[in-house]
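Have a look at the structure below, then the notes.
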Amino acid sequence: DAGVIQSPRHEVTEMGQEVTLRCKPISGHDYLFWYRQTMMRGLELLIYFNNNVPIDDSGMPEDRFSAKMPNASFSTLKIQPSEPRDSAVYFCASSVLGVGAEAFFGQGTRLTVV
Amino acid sequence: GNSVTQMEGPVTLSEEAFLTINCTYTATGYPSLFWYVQYPGEGLQLLLKATKADDKGSNKGFEATYRKETTSFHLEKGSVQVSDSAVYFCALSGTGGSYIPTFGRGTSLIVHP
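From first to last, the protein sequence lines stand for chains A and B.
Residue numbering for the first sequence follows this note's numbering, starting at 19 and increasing by one per position.
Residue numbering for the second sequence follows this note's numbering, starting at 10 and increasing by one per position.
Structural data, given as structure tokens:
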């Protein structure tokens with residue numbers, strides 16, 4: 019398996035624009051996570067899905083953020099409208115969970131909002 | 010709730026020095042414990058893990074022992090290399106019926122030649 023695949027790797031956008039980040043999890047993994055990483059806050063869990071269903075979105079910072087998982091092999095995180103404080107690295111991870119199960123991370127999308 | 014506390018970085022060492030990065034946790038029950046590593050420009054990847062008390066996880070010369078009595082999982086390496094420069098995250102999962110991982114803030118390690 020190629021691992022968790024995220025696109026794009028880098029995104030620069032202007033304030034107010036819509037941004038869509040994409041993720042393809044590892045086949046067979048039934049959990050998918052979206053994280054945000056910043057120097058100030060470290061690694062934050064935004065939302066996670068189980069079998070394509072959103073389970074906990076309490077980490078989503080505002081209504082400007084939304085996430086979907088239309089099928090087992092694809093998820094999106096959308097920010098509309100984007101703001102400079104959304105600049106961060108966004109990671110997608112997938113897992114089967116269970117005792118000792120690890121989370122597999124993608125390489126991340128570095129988002130810069132100017 | 011669950012939490013993981015790591016020593017603040019950066020930790021700066023010379024090549025071949027001994028490394029310790031402290032990690033303590035708060036959780037109910039008996040969680041699994043993990044160390045992840047993040048190299049520059051990459052995502053996190055599992056370095057090692059332990060699933061029960063007194064277990065020792067090891068990989069690439071790194072090791073950590075699950076200490077239930079002190080709720081700790083300190084990361085150690087006897088001789089670091091420049092290529093070990095990265096950010097290290099301690100994490101736990103598997104408490105209260107939930108396997109959603111809880112991560113620490115991460116500790117940056119810088120190794121000089």
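Heads up, the beta-carbon is just placed ideally off N, CA and C, and yes, glycines get one too.
In this text the structure is predicted, and so the values were computed from the model without any measurement.
Check your understanding: What did DSSP end up calling residue 103(A) once you bin it into helix, strand or coil?
Key -> The answer is helix: DSSP assigns residue 103(A) an H, G or I state.
Exercise for review: Note down, in chain order, each residue of its chain lying with its Cβ closer than 7 Å to the Cβ of residue 126(A), except the 5 sequence neighbours on either side.
Suggested key: Excluding residues within five positions, the ones whose Cβ falls inside 7 Å are 24, 107, 108, 109.
Exercise for review: With 7 Å as the C-beta to C-beta threshold (strictly closer), list the residues of the stretch 100 to 113 of chain B near chain A in chain order.
Suggested key: Along the stretch 100 to 113 of chain B, the positions whose C-beta sits under 7 Å from a C-beta of chain A are 103, 108, 109, 110, 112, read in chain order.
Check your understanding: Roughly how many angstroms lie between the CA atoms of residue 11(B) and residue 100(A), to the nearest whole one?
Key -> Residue 11(B) and residue 100(A) have their C-alpha atoms spaced approximately 31 Å apart.
Point to revise | residue 38(A) versus 76(A), 103(A), 85(A), residue with shortest Cα-Cα distance | key: Looking at 76(A), 103(A), 85(A), the one whose alpha-carbon comes closest to that of residue 38(A) is 85(A).
Review point. With a CB to CB cut of under 8 Å and the five nearest residues on each side skipped, what residues in its chain are close to residue 63(B)?
Key: When the five nearest sequence neighbours on each side are left out, the beta carbons in the same chain lying within less than 8 Å of the beta carbon of residue 63(B) are those of 74, 75, 76, 77, in order along the chain.
Check your understanding: Considering only residues of the same chain and omitting the five flanking positions on each side of residue 63(A), which have a CB-CB separation below 7 Å?
Key -> Cβ contact annotation for residue 63(A) (same chain, cutoff 7 Å, sequence separation greater than five): 51, 53, 77, in chain order.
Point to revise | Spatial distance of residue 41(B) from residue 32(A) (CA atoms) | key: A direct Cα-Cα distance of roughly 42 Å separates residue 41(B) from residue 32(A).
Practice item. Tell me, please, whether the stretch 55 to 70 of chain B touches the stretch 10 to 29 of chain B by the rule of three or more beta-carbon pairs shorter than 8 Å. Key: They do not touch, by the three-pair rule.
Exercise for review: List in chain order: all unbroken beta strand (DSSP E) runs of 3+ residues lying wholly within the stretch 32 to 69 of chain B.
Suggested key: Counting whole runs of 3 or more residues, the stretch 32 to 69 of chain B contains the beta strand (DSSP E) stretches 32 to 35, 41 to 47, 53 to 59, 65 to 68.
Exercise for review: Could you please give the first and the last residue of the uninterrupted beta strand (DSSP E) stretch that includes residue 24(A)?
Suggested key: Going by DSSP, residue 24(A) is part of the beta strand (DSSP E) stretching over 23 to 25.
Review point. Got a sec, what are the start and stop residues for the beta strand (DSSP E) residue 14(B) sits in?
Key: Annotation for residue 14(B): the continuous beta strand (DSSP E) segment containing it runs 12 to 15.
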